[in-house]
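Asker:
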Amino acid sequence: MALPLLDYKPTTQNQRVKSFGVADLNEDTPYIYRLEDCGSASDVDTLIGAAYRQVFSEHEVLKFNRQPHIESQIKNGNLTVRDFIRGLAKSEAFYRLVVSVNDNYRLVDVCLRRFLGRSAYNQDEKIAWSIKIATVGFYGFVDALLDSEEYTNSFGDYTVPYQRKRKEGRPFNLVTPRYGEEFREKAGTVTTDWRFTLEKFYSRKYQESKLAEGDPRKFRNMAASVSNSRNYAQRVSAHDIDYLNKVPVRGRR
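The sequence shown maps to residues 1245 to 1497 in this note's numbering.
#1: With H, G and I counted as helix, E and B as strand and the rest as coil, what does DSSP make of Thr1324?
#2: Compute the Euclidean distance between the alpha carbons of Leu1390 and Gly1381, then round it to the nearest angstrom.
#3: Alpha helix (DSSP H) containing His1313: first to last residue?
#4: In terms of residues, what are the limits of the alpha helix (DSSP H) holding Tyr1395?
#5: Looking at the unbroken alpha helix (DSSP H) that takes in Gly1381, where does it start and where does it end?
#6: Where Ile1375 and Ala1467 are concerned, what is the direct C-alpha to C-alpha distance, given to the nearest angstrom?
#7: Quick one: give me the first and last residue of the alpha helix (DSSP H) that Cys1355 is part of.
#8: When you compare only the Cα positions, how much space is there between Gly1384 and Asp1327?
#9: Got a sec? Which residues, its chain only, sit under 8 Å from Arg1461 by beta carbon, not counting five neighbours each side?
#10: Counting Cβ pairs closer than 8 Å, one from the stretch 1328–1344 and one from the stretch 1300–1319, do we hit at least three?
#11: Quick one, are the C-beta atoms of Val1386 and Ala1294 less than 8 Å apart?
#12: Pick helix, strand or coil for Arg1297, following the three-state DSSP scheme.
#13: Identify, in the order they occur along the chain, each residue of the same chain with its Cβ nearer than 6 Å to the Cβ of Gly1361, setting aside the five sequence neighbours on each side.
#14: If you reduce the DSSP assignment to three classes, tell me which class Lys1307 lands in.
#15: Nearest to Ile1314 by CA position, among Ser1398, Asp1353, Ile1329, is which residue?
#16: Looking at the structure shown, is Arg1278 part of a helix, part of a strand, or coil, going by DSSP?
#17: Do you know whose CA, among Ala1285, Ser1284, Thr1290, lies nearest Tyr1277's CA?
#18: Comparing C-alpha positions only, which one of Val1325, Glu1302, Glu1280 sits nearest to Tyr1395?
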């Protein structure tokens, strides 16, 4: 028997404020792909590409991630966009690339971003959905997200999910890598990829952590924060020096 989803308190996000950014159309406004707006086969292909980019978070649709069976169904009108997204989420490619390399907490956050267009509200929501994964499995978790009231109200059956009302920060697909840090550590990516090497091992913070206790180099930030005003020695002119008193006189004590 599957447990009901635990209650959690949603926090305020941009996508929850209806009046926020309604008339503000700029580069942060997402382009919305709807099946009812498609008037030709090329338009459907464009929508399919947008769905792949949203689910797999890839700028280029890779051939070995394609799902030709469900692509043909949506092209023939036998599949809604919602069920096409469902098919991509339940594909072997998505399971291999995303599900198998992340723990449940991170998997919840990734799926909320890609399927509901928002990040997790808080840790309570991650825990609640993680319990859902543990009780009904990943496929049941996907069904719970795509059949939820939030998904229906936001995207319905014919709209590709998108990041809703992004007003600050970068898009999710740029800040949510495929693999979590724990997997990258385990796989050795952090120690073998030169980008992670430059970022982590050559950073000042990492170098200072390797210094022995009491090493003065650990305190250079504190020293730099001290006022740089200097106390100079008092200037003395040569005319102010009494040279006669400096010369010893015989018999003077």
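Positions of the beta carbon are idealized from the N, C-alpha and C atoms, including for glycine.
Predicted model only: the values in this text are computed from it and were never measured.
Answerer: With the given structure in hand:
#1: Taking the sequence shown and counting its residues from 1, the one referred to as residue 1324 is at position 80. Per DSSP, reduced to three states, the secondary structure at Thr1324 is coil, with no helix or strand assignment.
#2: Within the sequence shown, the letter at position 146 stands for residue 1390. Within the sequence shown, the letter at position 137 stands for residue 1381. Cα to Cα, Leu1390 sits roughly 15 Å from Gly1381.
#3: Taking the first residue of the sequence shown as 1, we reach residue 1313 at position 69. Element bounds for His1313: 1312–1319.
#4: For the purposes of this step, residue 1395 is identified with residue 151 of the sequence shown, where counting begins at 1. Start and end: 1393–1398.
#5: Residue numbering aside, residue 1381 sits at position 137 when the sequence shown is read from its first letter. For Gly1381, the uninterrupted alpha helix (DSSP H) segment begins and ends at 1367–1390.
#6: Taking the sequence shown and counting its residues from 1, the one referred to as residue 1375 is at position 131. Taking the sequence shown and counting its residues from 1, the one referred to as residue 1467 is at position 223. If you take the alpha carbons of Ile1375 and Ala1467, they lie about 49 Å apart.
#7: Here residue 1355 corresponds to residue number 111 of the sequence shown, with the count starting at 1. Element bounds for Cys1355: 1348–1355.
#8: Residue 1384 sits at position 140 when you count from the first residue of the sequence shown. Residue 1327 sits at position 83 when you count from the first residue of the sequence shown. Rounded to whole angstroms, the separation of the alpha carbons of Asp1327 and Gly1384 is 14 Å.
#9: Translated into positions along the sequence shown, residue 1461 becomes position 217. Sequence-distant Cβ neighbours of Arg1461 in its own chain, meaning closer than 8 Å and more than five residues away, are Glu1452, Leu1455.
#10: Contact between the stretch 1328–1344 and the stretch 1300–1319 is present, because at least three Cβ pairs lie under 8 Å.
#11: For the purposes of this step, residue 1386 is taken as the residue at position 142 of the sequence shown. For the purposes of this step, residue 1294 is taken as the residue at position 50 of the sequence shown. At least 8 Å separates the beta-carbon of Val1386 from that of Ala1294.
#12: For the purposes of this step, residue 1297 is taken as the residue at position 53 of the sequence shown. Arg1297: helix per DSSP, three-state reduction.
#13: Stepping through the sequence shown from its first residue, residue 1361 is reached at position 117. Excluding its 5 nearest sequence neighbours in each direction, Gly1361 has C-beta neighbours in its own chain below 6 Å: Pro1405, Tyr1406, Gln1407, Arg1408, listed in chain order.
#14: For the purposes of this step, residue 1307 is taken as the residue at position 63 of the sequence shown. Reduced to three states, the DSSP call for Lys1307 is helix.
#15: Residue 1314 sits at position 70 when you count from the first residue of the sequence shown. Residue nearest to Ile1314 within the set Ser1398, Asp1353, Ile1329 is Ile1329 (criterion: CA-CA distance).
#16: Within the sequence shown, the letter at position 34 stands for residue 1278. Strand at Arg1278.
#17: For the purposes of this step, residue 1277 is taken as the residue at position 33 of the sequence shown. Tyr1277 has its Cα closest to that of Thr1290, out of Ala1285, Ser1284, Thr1290.
#18: Against the sequence shown, residue 1395 aligns to sequence position 151. Looking at Val1325, Glu1302, Glu1280, the one whose alpha-carbon comes closest to that of Tyr1395 is Val1325.
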